[in-house]
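Written below as structure tokens is the structure these notes are about.
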Amino acid sequence: MRTPIRFVIALIALILACSVLSACDKATIEYVPNGGTYTLAQAEDVASGYDMSDVDSVKTTEGPKLRRERLLELREAGADTALLADALTRDFPSDASSVPLLVESATVDGAQVWIVVEAYGDADGTLSRRRLWVLDRSSFTVLASSSFN
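The structure is reproduced here in structure tokens:
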């Protein structure tokens, strides 16, 4: 039995479309449950050099949607990260365009913390900058923050 050429072409087009759409999915947050021990300067080095290639072409106006997707992903990672995601949701405006890239349970200068590295950008630009938040692991109080171009 011969397969009609139109069917084969349609099938190839469908496969290519699915591949392109899945390659464009930027809803991936790096979660490190048992992170390292750092000084604040070392944590800043981690943040300032963090790879942003998966979001650096995302328009800042698309940030809120991507932020919600990543926070949902964080909530699904476990009870501790769900509490962190709730704190990040509660303490920021609902239309915040900053997008979490890395969440690490770590120690910074002797304190048990969450390290959060996020991407942000100018209102009319792309998510091209990095920000570091160091939050107390249990109270979610901001212990330190830094921004990087």
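For reference, each letter of the sequence shown is one residue, going 1 to 149 in the numbering used here.
A virtual CB, placed ideally from N, CA and C, is assigned to each residue, including glycine.
Keep in mind that this is a model prediction, so the values were computed, not measured.
Exercise for the section: State buried or exposed for Pro33, treating a residue as buried only when at least 16 other CB atoms are found within 10 Å of its CB. Expected result: Residue 33 sits at position 33 when you count from the first residue of the sequence shown. It is exposed - the Cβ of Pro33 has fewer than 16 other Cβ atoms within 10 Å.
Exercise for the section: Kindly indicate the opening and closing residues of the alpha helix (DSSP H) around Leu127. Expected result: If you number the sequence shown from 1, residue 127 lands on position 127. It is not in any alpha helix (DSSP H) - Leu127 carries neither H nor E in the DSSP assignment.
Exercise for the section: Verify whether the separation of the beta carbon atoms of Glu85 and Leu71 is less than 9 Å. Expected result: Counting from one through the sequence shown, the residue named residue 85 turns up at place 85. Counting from one through the sequence shown, the residue named residue 71 turns up at place 71. Here the sequence assigns Ala to residue 85, which means Glu is not the residue at that position. In this structure, Leu71 lies closer than 9 Å to Ala85 by Cβ.
Problem - Whether Leu143 touches Val116 by CB criterion (9 Å) - result: The count along the sequence shown starts at 1 and reaches residue 143 at position 143. The count along the sequence shown starts at 1 and reaches residue 116 at position 116. Going by C-beta atoms, Leu143 is not nearer than 9 Å to Val116.
Practice task
Following the continuous beta strand (DSSP E) through Ser145, name the residue where it begins and the one where it ends.
Solution key: By one-based count along the sequence shown, residue 145 stands at place 145. That run of the beta strand (DSSP E) goes Val142 to Phe148.
Practice task
Along the alpha helix (DSSP H) that carries Thr81, what are the first and last residues, could you check?
Solution key: As a working note, residue 81 is residue 81 in the sequence shown. Unbroken alpha helix (DSSP H) run through Thr81: Ala79 to Arg90.
Exercise for the section: Given a cut-off of 9 Å, decide if Val46 and Thr126 are closer than it, judged by their beta-carbon atoms. Expected result: Counted from its first residue, the sequence shown places residue 126 at position 126. Counted from its first residue, the sequence shown places residue 46 at position 46. Going by C-beta atoms, Thr126 is not nearer than 9 Å to Val46.
Handout entry: Bridge partners - Leu101, DSSP secondary structure assignment
Key = The residue given as residue 101 occupies position 101 in the sequence shown. According to DSSP, Leu101 bridges with nothing at all.
Problem - For Gly63 and Ala96, the rounded distance between their alpha carbons - result: Position 96 of the sequence shown holds residue 96. Position 63 of the sequence shown holds residue 63. Distance between the alpha carbons of Ala96 and Gly63 is about 7 Å.
Handout entry: Cut-off 8 Å between Cβ atoms - residues of its own chain near Val99, not counting five sequence neighbours on either side
Key = The residue given as residue 99 occupies position 99 in the sequence shown. Same-chain partners within the cutoff: Val55, Val58, Gly63, Leu66, Arg67, Arg70, Glu118, Ala119, Tyr120 and Leu127.
Handout entry: Boundaries of the beta strand (DSSP E) in which Glu118 is found, first to last residue
Key = Here residue 118 is taken as the residue at index 118 of the sequence shown, counted from 1. Glu118 -> beta strand (DSSP E) spans Ala111 to Tyr120.
Exercise for the section: Under 8 Å Cβ to Cβ from Arg129, same chain only, skipping five residues before and after it: list those, please. Expected result: The sequence position of residue 129 within the sequence shown is 129, counting from 1. Excluding positions up to five away in sequence, the list reads Ala119, Tyr120, Gly121, Ser147, Phe148 and Asn149.
Exercise for the section: Just the C-alpha distance for Tyr38 and Ile29, rounded to the nearest angstrom, thanks. Expected result: Translated into positions along the sequence shown, residue 38 becomes position 38. Translated into positions along the sequence shown, residue 29 becomes position 29. One C-alpha to the other measures close to 21 Å.
Exercise for the section: On a CA-only basis, which of Arg90, Ala123, Arg131 and Ser139 is nearest Val113? Give me that one, please. Expected result: Residue 113 sits at position 113 when you count from the first residue of the sequence shown. The candidate whose alpha carbon is nearest that of Val113 is Ser139.
Practice task
State the Cα-Cα distance for the pair Tyr31 and Glu73, rounded to the nearest angstrom.
Solution key: For this step, residue 31 is matched to residue 31 along the sequence shown. For this step, residue 73 is matched to residue 73 along the sequence shown. For Tyr31 and Glu73, the distance between alpha carbons rounds to 10 Å.
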